[in-house]
Each structure stands twice: as C-alpha cells, then as structure tokens.
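Q: Sharing a structure here in structure tokens format.
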Amino acid sequence: MDVTELARKLRPVFDLYPELAVVYLFGSAARGEERSDSDIDLGLVFRGRGETALHHHRMLGDLGSRLEGPLEGRRVDLVVLEGQGPIFCLRVLCEAKLLYEGDPERRVDFESDTCVRALDFRPTYEIAAREHLNGVRRRLKSQR
696 MDVTELARKL RPVFDLYPEL AVVYLFGSAA RGEERSDSDI DLGLVFRGRG
746 ETALHHHRML GDLGSRLEGP LEGRRVDLVV LEGQGPIFCL RVLCEAKLLY
796 EGDPERRVDF ESDTCVRALD FRPTYEIAAR EHLNGVRRRL KSQR
C-alpha cells in the first residue's frame with residue numbers, strides 16, 4: 696500500500712474532524728505485510744490532551760463510516776492512542792506512518808510524552824511480563 700497515496704485519499708475525510716490532531720497508519724499495512732483480508736489500523740490522537748474514545752464515540756462511528764468509501768470496503772480499526780498503555784503506543788510509533796497531521800505541536804507532544812512514559816513504565820512492564828511467564832511455566836510443569 697502506497698502510504699502517500701493513502702494519505703492523499705483520506706485527508707479530505709480527516710479534514711472534516713477539527714478535533715483530530717494526528718492519524719497514524721500502523722500494523723501490517725504500515726509494515727508492508729498486509730494481505731487482501733487485512734484490516735487498516737489507524738491510531739488517532741485528538742487535539743485535547745487526555746481525550747479518549749469515550750469523549751468522541753459518535754465521531755468515531757461517523758469517521759469509520761466515511762472511511763469505507765476511500766478504503767474501498769476494507770475494514771478499518773480506529774484506535775484512540777491516548778486510551779492505550781505507553782508500551783503499546785511506543786510500539787505503534789516505532790512502525791507508524793504519519794497519514795495526517797492537523798496539529799504539528801500536538802504530534803510532537805504526544806510522541807515525546809509517549810517515549811518518556813514508556814521508558815518510565817518499562818521496568819514495571821518487564822517485571823510483570825517475567826512474573827507472568829514464570830506463572831505459565833509453573834502451570835505447564837504442574838500439568839506434566
């Protein structure tokens with residue numbers, strides 16, 4: 696999928712929503728690994744800090760419907776990034792392609808905040824992941 700062409704096709708739709716600050720393409724389409732049945736994953740950041748899907752549930756439904764035409768019937772998965780954890784957001788940013796930037800300052804704030812939060816949270820995440828893995832190992836050993 697040509698990201699430049701996709702951004703050009705979707706910009707008129709995104710322009711209808713002044714509350715949108717940034718839209719990222721992520722997932723298999725961003726990595727160039729999409730299949731014919733792959734959905735299109737879009738990460739959204741709103742202009743208002745801390746705004747989640749609850750703040751914009753009607754807009755998200757409307758946006759999803761409007762994207763069906765330009766995406767030629769492909770399924771779209773809209774993810775409000777501010778409602779997600781820092782590790783997930785960092786993974787999205789690492790592979791993301793920028794599709795829309797309605798507020799460059801907000802984009803920079805979101806990206807820098809995400810990096811700081813992910814680095815702060817990483818030790819806790821690693822401890823939790825290690826403990827989870829140890830628990831799985833114990834359960835598997837006890838089932839032998």
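Position in the sequence shown counted from 1, then plus 695, gives you the working numbering.
Glycine included, every Cβ here is placed at the ideal spot set by N, Cα and C.
Along the chain, where does the beta strand (DSSP E) containing Leu773 start, and where does it finish?
A: In the sequence shown, the residue the question calls residue 773 occupies position 78. Counting along the chain, the beta strand (DSSP E) containing Leu773 begins and ends at 771-775.
Q: Closest to Val774 by C-alpha separation, out of Ala813, Gly722, Ser731, Gly764, would be which residue?
A: Numbered from its first residue, the sequence shown carries residue 774 at position 79. Nearest of Ala813, Gly722, Ser731, Gly764 to Val774, Cα basis: Gly722.
Q: Following a CB-centred definition, is Leu788 positioned closer than 7 angstroms to any heavy atom of the ligand GDP?
A: Looking at this structure, you won't find the ligand GDP or any other ligand, since it has none at all.
Q: Runs of 4 residues minimum, wholly inside the stretch 753-801: which ones carry the alpha helix (DSSP H) assignment?
A: 781-790
Q: Less than 8 angstroms between C-beta atoms, sequence neighbours within five positions excluded: which residues of the same chain meet that for Asp734?
A: For the purposes of this step, residue 734 is taken as the residue at position 39 of the sequence shown. Gly722, Arg769, Arg770, Val771, Asp772, listed in sequence order.
Q: Can you tell me whether Asp736 is buried or exposed? The criterion is at least 16 other CB atoms within 10 Å of its CB, across all chains shown.
A: Counting from 1 along the sequence shown, the entry for residue 736 is found at position 41. Buried, because 16 or more other Cβ atoms sit within 10 Å of the Cβ of Asp736.
Q: Counting beta carbon pairs with one atom in the stretch 782-799 and one in the stretch 711-722, are three or more of them shorter than 8 angstroms?
A: Yes, they touch.
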